[in-house]
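**Q** For the sequence shown, UniProt numbering gives the first residue as 3, with consecutive numbering after it. All C-beta atoms in this analysis are idealised placements derived from N, C-alpha and C, irrespective of residue type, glycine included.
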Amino acid sequence: HSAVDPWPEPEERAAEAALRPSTLEEFEGQPRVSDQLGLVLSAAKHRGTTPDHVLLSGPPGLGKTTLAMIIASEMGVPLHITSGPAIQHPGDLAAILSGLVEGEVLFLDEIHRMSRPAEEMLYLAMEDFRVDVVVGKGPGATAIPIEIPAFTLVGATTRVGLLPSPLRDRFGFTGNLDFYEVDDLQSIVTRSSAMLGVGLDEASAHEIASRSRGTPRIANRLLRRVRDYAQVNNQGRVDLALTRAALELYEVDPLGLDRLDRAVLEAICTKFGGGPVGLSTLAISVAEEAETVQEVAEPFLVRLGFLMRTPRGRVATEAGWRHLGLTPPSSGDN
Ligand code: ADP
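#1: For Phe175, report the span of its beta strand (DSSP E) as first-last.
#2: Assuming Met116 contacts Gly86 under a Cβ cut-off of 8 Å, what Cβ separation, rounded to an integer in Å, is found between them?
#3: Go through the UniProt domain "AAA+ ATPase" (52–185) residue by residue and report every complete run of the beta strand (DSSP E) that reaches 3 residues or more, in order.
#4: Is the Cβ-Cβ distance between Val137 and Ile148 less than 7 Å?
#5: Along the chain, where does the alpha helix (DSSP H) containing Leu262 start, and where does it finish?
#6: Going by C-alpha to C-alpha distance, which of Pro53, Pro80 and Thr176 sits closest to Thr160?
#7: For Asn235, count neighbouring C-beta atoms within 10 Å of its own C-beta (all shown protein chains included) and say buried if the count is 16 or more, exposed if not.
#8: Taking the alpha-carbon positions, what's the residue 1 to Asp54 distance?
#9: CB Gly36 to CB Leu26, shorter than 7 Å?
#10: CB-CB under 7 Å to Leu155, same chain, minus the five flanking residues each way: which ones, in chain order?
#11: Are there any heavy atoms of the ligand ADP lying less than 6 Å away from the beta-carbon of Lys66, as far as the coordinates show?
#12: Compute the distance between the beta-carbons of Phe308 and Thr294, then report whether it is under 7 Å.
#13: Going by C-alpha distance, which of Leu165, Pro141, Ala143 and His82 is nearest Glu122?
#14: Counting only runs that start and end within the UniProt region "Small ATPAse domain (RuvB-S)" (183–253), where is the alpha helix (DSSP H) found for 4 or more residues in a row?
#15: Count the other CB atoms, across all protein chains shown, that sit within 10 Å of the CB of Glu13; report buried if there are 16 or more and exposed otherwise.
#16: Put Asn336 into one of helix, strand or coil per three-state DSSP.
#17: Quick one: is residue 1 buried, meaning 16 or more other Cβ sit within 10 Å of its Cβ, or exposed?
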């Protein structure tokens, strides 16, 4: 497991839960989404209704689950958490919906991975707070309408483009979460270190923030790894030199690239002459799933300006070559 994988490791769920901000006030960064969502919630409180359905999009680890929890706690209602892959039959969804209490927030992670029939049931539920349960088979089948409590759906997806537009259109508010600025990540790391009782100086917090690929989940994880390293090697004391040594041990480079990122970039440059190379060929050459290359390594390499996606495939940029200490072919340096 890479230290900068944006998906949660199963054993870190509890550690993560302990660091979750519980109000919008404590939620760092993402000022646009935070302000707009605050308005949606205040308006709903004012009217005494449930807030509009909320769609949150963005890469893993940026705070979608956290925001769903904040919405429920700010509205003073319970939260039910489920995910697209868990809902394959419309019956699964009907059971969840009819079990909600009035006003409850339903968090549906990876909403783009729900089955088609379940998705169609969701349309009606979102619009009319009603589901049609089909009873019987063949010509004798009848749809029985069932009223469900008013609820707020918070859907999350890593890529909003994967959602069919009839589903997208049924959300009253869409928040697109973006990678965090280093300053915001530094505040998150500093807050987390106080909660964990780790004495962290500003330079170390900044160093962790800079290597966290714009992702709070990674920032909190690197902080925990640095803490462990300090406990074993330095009686718990953290300083910049120790932070760097720890992150080097975990193979996170100064820009936050890990082994896979470097492997991908290196493969493009050294095996495919800088590209273009197709995703599946590239994935095979680094012995990784195409999905992982596409969703984990690439967005970050693109963001750093090290890689470009072109219609003909992936291409390493001049900056990409240079980051690996290689000379780009067209640069005329040699
Ligand atoms: P997602 O659902 O998008 O994968 P999570 O909501 O589970 O991400 O967040 C991952 C971790 O990062 C959690 O421990 C959470 O506390 C922390 N986190 C995310 N966003 C913020 C933020 N804006 N401020 C503080 N901590 C955050």
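**A** Let me spell this out:
#1: Phe175 to Asn178
#2: With a Cβ gap of about 4 Å, Met116 and Gly86 count as contacting.
#3: 56–59, 81–85, 107–111, 132–137, 144–149, 154–159 and 175–178
#4: no
#5: Arg261 to Glu268
#6: Thr176
#7: exposed
#8: Residue 1 cannot be examined here, being either before or after the span of the chain that is shown, 3 to 336.
#9: For the sequence presented, residue 36 should be read as Ser rather than Gly. Yes, the pair counts as a contact, with Cβ atoms nearer than the cut-off.
#10: His55, Leu108, Leu110 and Met128
#11: yes
#12: no
#13: The shortest C-alpha separation from Glu122 is found at Leu165.
#14: 184–198, 204–212, 218–235 and 242–251
#15: exposed
#16: Low local confidence applies: a pLDDT of 48 at Asn336 is under 50, so the model's placement there is unreliable, with the coordinate-based value given in what follows. If DSSP states are grouped into helix, strand and coil, Asn336 belongs with coil.
#17: In the structure as shown, the chain begins at 3 and stops at 336. Residue 1 is therefore absent and cannot be evaluated.
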